[in-house]
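Read through the structure below, which is laid out as structure tokens, and then see the notes.
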Amino acid sequence: MSARLLAMALAPLLGLFIIALGNGFMSSLTTLRLGAAGESATTIGIVSSTYFIGLTLGAIFNDRLILRIGHIRAYTSFAALIAVTILLQGLCYEVTWWSLLRLINGWAAVGVFLVIESWLLLAGDAKIRGRLLALYMIAFYGAGVIAQAGLGEITHLGDTAPFMLAAVLAALSVLPIVILPRVSPLLDQVEPLKPRQLLGVAPSGLVGCFGSGVAIAGIYTLLPLYLQRIGLDVGEVGNMMAWVILGAMLLQYPVGRWSDRKDRQDVLIALAALCMLLALVTVFLPSDSALLPAMLFLLGGGVFTLYPVAVSHAADRAPSDALVPMIQGLLLINSLGSAMAPVAISPMMTEFGEAGLFWAFAVVNLAMVCFFMWRRGKRPAAEHPAPFTASTTFSPTGAELRVTEDLMHAAQEHPPLAPTEPVPSSRSASH
1 MSARLLAMAL APLLGLFIIA LGNGFMSSLT TLRLGAAGES ATTIGIVSST YFIGLTLGAI
61 FNDRLILRIG HIRAYTSFAA LIAVTILLQG LCYEVTWWSL LRLINGWAAV GVFLVIESWL
121 LLAGDAKIRG RLLALYMIAF YGAGVIAQAG LGEITHLGDT APFMLAAVLA ALSVLPIVIL
181 PRVSPLLDQV EPLKPRQLLG VAPSGLVGCF GSGVAIAGIY TLLPLYLQRI GLDVGEVGNM
241 MAWVILGAML LQYPVGRWSD RKDRQDVLIA LAALCMLLAL VTVFLPSDSA LLPAMLFLLG
301 GGVFTLYPVA VSHAADRAPS DALVPMIQGL LLINSLGSAM APVAISPMMT EFGEAGLFWA
361 FAVVNLAMVC FFMWRRGKRP AAEHPAPFTA STTFSPTGAE LRVTEDLMHA AQEHPPLAPT
421 EPVPSSRSAS H
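Each residue of the sequence shown is one higher than the last, beginning at 1 in our numbering.
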């Protein structure tokens, strides 16, 4: 990577790494504090879901705000809101208050992602987006692993120390954005494909993105509660969560290589079946089993790679002018699944105990296996137009990072979207 490109990308990537270090453990910390206060799984699920509702709302509306006030001021505002909401969580405990704060935190967090991802898009053209995407994932997942692994040590400093540290990091993340050399990024308003259009292009992609959203949100918000209830302390919970995120990061590449060689619908079936099996095994695994970190590592790898495989499967069937709005639409479907997950899964933990979380994972993945197998018999496999691109979930603008030059070129031969309305124009489609 050239020195010029690194200089252009350094500010947003460093800002992302710093803010993700602090905000990365807040979902676990919120769940653990609510659990320690004796709140029910349903209440914890409701509070947790507000963060993902905020993410969804921000993904829809934040681009308009950024267009009005500019990227640097927008990033500063979003980072300040994240810092303030985290500090207020530490100052005052009340369930309704925390729900409102988590909603605002999610709305601001996706605004931060929106600024960073559009900045990276401007840093280079489609030829080097794959490398930018890899750097983005290293910064995001690497910060997540460090944050979760250090949660126990941070909580030993006092009850309010984790909130104070996360807020300080959010404030510090502004410095690279305003100090390092920069240019003003460009941003288009989001016009994702509607669910009806997505169903017409790739129903398996839509279901896979929704199901992975449910599972990912369950892991972030309710897995810490499960670990707490089986007797682990805060530090041990953080270490287990770090294993999950490490699996998500390290298994992206091998799963992607596998999906490039096989029919991606078969890969979706295998991943969902594996996640279902891992969930069932974990239900019957002793709480003190030495196998638990390995199971969580594999579960994280399976759940978090299902989303990019589902997106790649949908991209195999989309024409070039639909790639960006299609990926944006799938992201919003994923966000919708994430917003619904804590509220939908927590009653199962109330009914069946802590093991209800993994029973819910098993049911969700069984439903995906059945749907994927049904679709497999209905529609033949599509050719892969371009190599798999690993990713985490993005803001809608971040969907453009996935649309590399190779993918655009390969999709040129695809037919237009037959059952849909005209596809909205996108800046990426003209790159």
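For every residue, glycine included, the Cβ atom is placed at its ideal position computed from N, Cα and C.
task: Would you give the residue range spanned by the alpha helix (DSSP H) that THR155 belongs to?
output: 151-155
query: Is the distance from the Cβ of VAL110 to the Cβ of ALA215 below 8 Å?
result: no
query: Which residue from VAL95, ALA11, MET164, LEU132 puts its Cα closest to that of ILE82?
result: MET164
- prompt: Taking the runs of the alpha helix (DSSP H) that are 4 residues or longer, which of them lie wholly in the stretch 6-74?
  reply: 26-36, 41-69
- request: Apply the 10 Å Cβ neighbour rule to THR96 and answer buried if 16 or more other Cβ atoms are within range, or exposed otherwise.
  value: exposed
- request: Under 8 Å by Cβ, that's how I've got ALA248 and GLY205 pegged, so tell me the actual separation to the nearest angstrom.
  value: No, ALA248 and GLY205 are not in contact; Cβ-Cβ is about 19 Å, not under 8 Å.
message: Tell me the rounded alpha-carbon separation between PRO422 and ILE53.
response: Caution is warranted here: a pLDDT of 46 is assigned to PRO422, below 50, making its placement in the model unreliable, and no coordinate value can be reported.
Proximity winner among GLN252, PHE284, ALA314, PRO347, relative to SER391 (alpha-carbon distances): Selected option, being the one with the closest Cα: GLN252.
field: CYS370 - containing alpha helix (DSSP H), residue span
entry: 356-378
For LEU169, the nearest candidate out of ALA79, ALA279, PHE361, PHE304 (CA to CA): ALA79
field: Supposed contact pair ILE46 and GLN148 - C-beta distance, whole angstroms, cut 8 Å
entry: Actually they are not in contact, since the Cβ atoms of GLN148 and ILE46 sit about 23 Å apart, beyond 8 Å.
- prompt: Anyone know if the C-beta pair for PRO195 and LEU32 falls short of 8 Å?
  reply: no
- prompt: Is GLY213 near SER28, with beta carbons less than 8 Å apart?
  reply: No, these two residues do not count as a Cβ contact at 8 Å.
- prompt: Should LEU278 go down as buried or exposed, given a rule of 16 or more other Cβ atoms within 10 Å for buried?
  reply: Taking all protein chains in view, the Cβ of LEU278 is crowded by 16 or more other Cβ atoms within 10 Å, so the residue is classified as buried.
query: DSSP three-state call for ILE230: helix, strand or coil?
result: coil
field: Helix, strand or coil at SER425 [DSSP, three-state]
entry: With a pLDDT of 42 at SER425, under the threshold of 50, the predicted position of this residue should be treated as unreliable, though the coordinate-derived value follows. SER425 falls in the coil class under three-state DSSP.
- prompt: From what residue to what residue does the alpha helix (DSSP H) around ASP288 run?
  reply: DSSP places ASP288 outside any alpha helix (DSSP H), giving it a letter other than H or E.
message: Just to confirm before moving on: does the CB-CB distance between LEU332 and ALA59 stay below 8 Å?
response: yes
query: Count the other CB atoms within 10 Å of the CB of LEU296; is the residue buried (16 or more) or exposed (fewer)?
result: When all chains shown are included, LEU296 counts as buried.
query: Just reading off the alpha helix (DSSP H) that GLY433 is part of, what are its end residues?
result: For residue 433 there is no data in the structure shown, the boundaries of the chain being 1 and 431.
message: Buried or exposed for PHE25, going by 16 or more other Cβ atoms inside 10 Å?
response: buried
message: With three or more C-beta pairs closer than 8 Å as the rule, is the stretch 139-154 touching the stretch 230-243?
response: yes
query: Given PHE372, which residues of its chain have a CB within under 8 Å of its CB, disregarding the five upstream and five downstream residues?
result: SER204, VAL207, GLY208, GLN265, LEU268, ILE269, ALA272
task: Mind reading off the beta-carbon distance from THR305 to VAL369? Whole number of angstroms is fine, and I expect it under 8 Å.
output: About 16 Å; that fails the 8 Å criterion.
task: Can you tell me which of the three DSSP states CYS209 falls into?
output: helix
field: Whole-Å CB distance - LEU101 paired with LEU88, under 8 Å assumed
entry: That belief holds up - the Cβ atoms of LEU101 and LEU88 are roughly 6 Å apart, short of 8 Å.
- prompt: By the 10 Å Cβ neighbour count, where 16 or more other Cβ atoms means buried, how is LEU133 classified, buried or exposed?
  reply: buried
- prompt: Is LEU34 buried or exposed, if buried means 16 or more other CB atoms sit within 10 Å of its CB?
  reply: That one is buried.
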